[in-house]
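Written below as structure tokens is the structure these notes are about.
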Amino acid sequence: MVNYYSNQSDFLISNFERYTTLPNGMIKTQNDRHVFGYCLSSTEYFQNETISSEQFALLKTNNIDCSGVFVAIELHQDRAELIIDPLCQFNIFYFSDGNRFVISSSIEAMKTYLHLSKINDSYLYDQIAYQSPIRGQTILENVFYIQFDDVANRQQSRKEFIHIDTNSLIRINRPNYQSFDDLSYTELCRLYTERLNMRANVVASRFDKIHVQLTGGADSRLALSGFSQFDNVECYVYGNGESQDRLVFEEIIRARNIAPVSEIKFVGQPLSCPNRILKGLLDSNFLKFNNLNTYMNGGIESDKKYCKITGYYGANISGGVAIPPKDTASNPRLKSIPTELFTYHDYVEDFTKRHEGLRSAAFNDRFYINNRGKGHYASHSIADNKSVASIDILYDYINLLLVEKCPYSDWEIDKNAVSIDLIYENDKALALFPYDSRRVPNYRTFKDIPLINCFDGYLFSSRQLEDFKVVKPKVSTNNYQLLEEGNSFLSIKEMLNLNEIQKLSSEYKELLYLNDCNDIQANIFLYFLLGQLYMQQ
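In this text, residue positions in the sequence shown follow the numbering used here: the first is 3, and each later residue adds one.
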């Protein structure tokens, strides 16, 4: 029998019933058909909402064509059927001990339902080495998250994972990943931009106002290329007249008559006290140790009217990100930590063997997709969608194939060659206009290259420009009181030296030097210890 619990944005499914109160108002439900996260089809947009049986059937049939970070669930009397976004980036956690099975979108709900408190120490060292989760691990021992390879490759998922094709309780729809195998690179570029433009049209029709974060990079420009024709689009960037990002931005919006925003709304409050950090950790399921400070930790007024578009996850997904270090002893950042504490090497070696036929850039993409790469939660997070519409229309399975079939070198791909090809399909002048301070390699023949272009390394002269006004929403953290000093504004070093945190950190003698640091490793250590304190309370 299926035991199903949910609220508007989270769910838990198990094969046994436990009478307990789940967090955030999750209640037992007999019938449901719901999209968690956000989902974009060619004609519709869903965000944490109930859908019809016809809509669910269409999502199932066209799963590979969907964009977004989501899971759609249809509940039956004897089973639950799941449709996951094709890149499997929605956080779905699972626990199995042979007799009991639980699957959920919430680590907190898993902890409560299963009475779990044992912390996974190897998760800490994975995060320190890679600055993101690796191998499907979580902060709780024996709780994993579903990775892309678990769904995409029938023979490559871990033995602990649910057998997707045979389990009678949970049926996970497997997208048709072979749909585009016969398409060439050029054909994939055209198809990708067609799908991008359809998604932009859907979003532009859904929201009253769209804010596009237009940085100096190629991915945000690719997102803009789908939206520039709509009247309800406004753009913003960080920086003043000393920044090339800002100077390029000003030239683009002037040439295309795009309005700048009056104020930047989609910015979180600084994580300068333990309570705010704990809220962020809970919202991101204790996965977001790196870049946690970039997530939106509060709602804005009329969030159904405003939409933030982030330019991220574009054509070159991994963006130069490498796999975790093979030799930690020779790594300056890790050399003081005993090598035996880093236990991810077998996973990396096995992953490398399974994907040995891929070119380097494509391999990095696959590793990144499976292991929540360093930037995965930077510009956009599924946590943001619980309270505010932060959408990335660039998510598409085709991204992986574009890099695999690209005729250019890996170095040219890393310099944004694929992204520029895609922008060129939509807007030739926009594609070839200068980017931030980079010089793009002239990797192929283009027609009508403008005098000021991205290939000659042109830099705009500084001028008098003020930073955009930033409005940070209020965020209540009164329900996240874990420490007596929970609402005190403290540095990372001061938080690491609080009594309760010091007691836990003393168990990690190899990392005690971080108590006197103020860097990303110290952040990761602090966030892990706060997570441990919460899980064991």
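Cβ coordinates follow ideal geometry from the N, Cα and C atoms, glycine included. It should be emphasised that the depicted structure is a prediction, and the values quoted were computed from it without experimental measurement.
| Asked | Found |
| --- | --- |
| Tell me whether the beta-carbon of Lys407 lies closer than 7 Å to the beta-carbon of Gly300. | no |
| Please work out which residues of its chain come closer than 8 Å, Cβ to Cβ, to Thr22, disregarding the five sequence neighbours upstream and downstream, and give them in chain order. | Thr114 and Tyr115 |
| On a Cα-Cα basis, can you pick out the residue from Asn101, Ala524, Ser411 and Ser55 that is closest to Glu512? | Ala524 |
| Taking DSSP as the reference, what is the three-state secondary structure of Glu502? | helix |
| Would you kindly report the start and end of the unbroken alpha helix (DSSP H) that includes Lys511? | Premise fails: Lys511 is in no alpha helix (DSSP H) and is neither H nor E. |
| Output needed for Gly27: all residues of its chain with C-beta closer than 7 Å, excluding positions within five of it in sequence on either side, in chain order. | Asn9 |
| If Val214 and Leu226 are in contact, beta carbons under 8 Å, what's the gap, nearest whole angstrom? | 5 Å |
| With DSSP as the reference, identify every bridge partner of Ala261, one or two as the case may be. | Glu236 |
| Give the list of continuous alpha helix (DSSP H) stretches no shorter than 4 residues that lie fully inside the segment 76-137. | 109-116 and 123-132 |
| Using DSSP with H/G/I as helix, E/B as strand and the rest coil, what is Lys161? | Here the model assigns Lys161 a pLDDT of 44, short of 50, so the residue's position is not dependable and the matter cannot be decided. |
| Starting from Arg223, follow the alpha helix (DSSP H) in both directions and report where the run begins and ends. | Ala220 to Phe229 |
| Output the boundary residues of the alpha helix (DSSP H) element that contains Cys519. | Run containing Cys519: none; DSSP gives neither H nor E here. |
| If we count the other Cβ atoms within 10 Å of its Cβ and call it buried at 16 or more, is Asn480 buried or exposed? | exposed |
| Look at the alpha carbon of Ala82 and the alpha carbon of Gln57, and state the distance between them as a whole number of angstroms. | 16 Å |
| Could you tell me whether the segment 320-340 touches the segment 52-70, using the rule of 3 or more Cβ pairs below 8 Å? | no |
| Nearest-angstrom Cα distance between Met200 and Thr45? | 7 Å |
| Take Leu280 and list the residues in its own chain whose beta-carbon comes closer than 7 Å to its own, dropping the five residues that flank it on each side. | Tyr482, Leu484, Leu532 and Tyr536 |
| Anyone know if the C-beta pair for Tyr147 and Leu77 falls short of 7 Å? | no |
| In angstroms with no decimal places, state the Cα-to-Cα distance between Lys161 and Arg137. | In this prediction, Lys161 scores a pLDDT of 44, lower than 50, which makes its location untrustworthy; no coordinate-derived value is stated. |
| Alpha carbon to alpha carbon, how far is Ile339 from Leu126? Give it in angstroms, no decimals. | 12 Å |
| If you check the beta carbons only, do Phe48 and Ser107 fall under 7 Å apart? | no |
| Report the start-end ranges of each alpha helix (DSSP H) in the segment 409-473 that is 4 residues or longer and not cut off at the edges. | 412-416, 419-428 and 430-434 |
| What whole-angstrom Cβ distance do Ser124 and Thr354 have, given they're in contact under 8 Å? | Not really, about 19 Å apart at Cβ, beyond 8 Å. |
| Given a cut-off of 7 Å on the beta-carbon distance, is the pair Arg102 and Phe13 in contact? | no |
| State the start and end residues of the unbroken beta strand (DSSP E) segment that holds Lys310. | Tyr308 to Ile311 |
| Tell me, which residues are paired with Leu283 by DSSP? | Answer is none; Leu283 lacks a bridge partner. |
| Leu403 lies in the alpha helix (DSSP H); which residues open and close that run? | Ile400 to Lys407 |
| Please confirm whether Ile266 and Phe470 have their CB atoms less than 7 Å apart. | yes |
| Which first and last residues belong to the alpha helix (DSSP H) in which Arg368 is found? | Ser362 to Asn372 |
| Can you give the Cα-Cα distance for Leu467 and Thr217, rounded to whole angstroms? | 16 Å |
| Just to confirm, are Pro25 and Arg374 a CB contact at a threshold of 7 Å? | no |
| With respect to the alpha helix (DSSP H) encompassing Val37, which residues constitute its N-terminal and C-terminal limits? | Element bounds for Val37: not the alpha helix (DSSP H) but the beta strand (DSSP E), Arg35 to Leu42. |
| Using the Cα positions of Ile212 and Cys237, report the straight-line distance between them to the nearest angstrom. | 8 Å |
| Suppose you measure from the CA of Ser362 to the CA of Gly488; what does that come to, to the nearest Å? | 45 Å |
| I believe Tyr179 touches Ile400 by the beta-carbon criterion, under 8 Å. Please report the beta-carbon distance rounded to the nearest angstrom. | Contact flag wrong, Cβ pair sits at about 11 Å. |
| Please state if the CB of Val73 and the CB of Ile86 are separated by a distance shorter than 7 Å. | yes |
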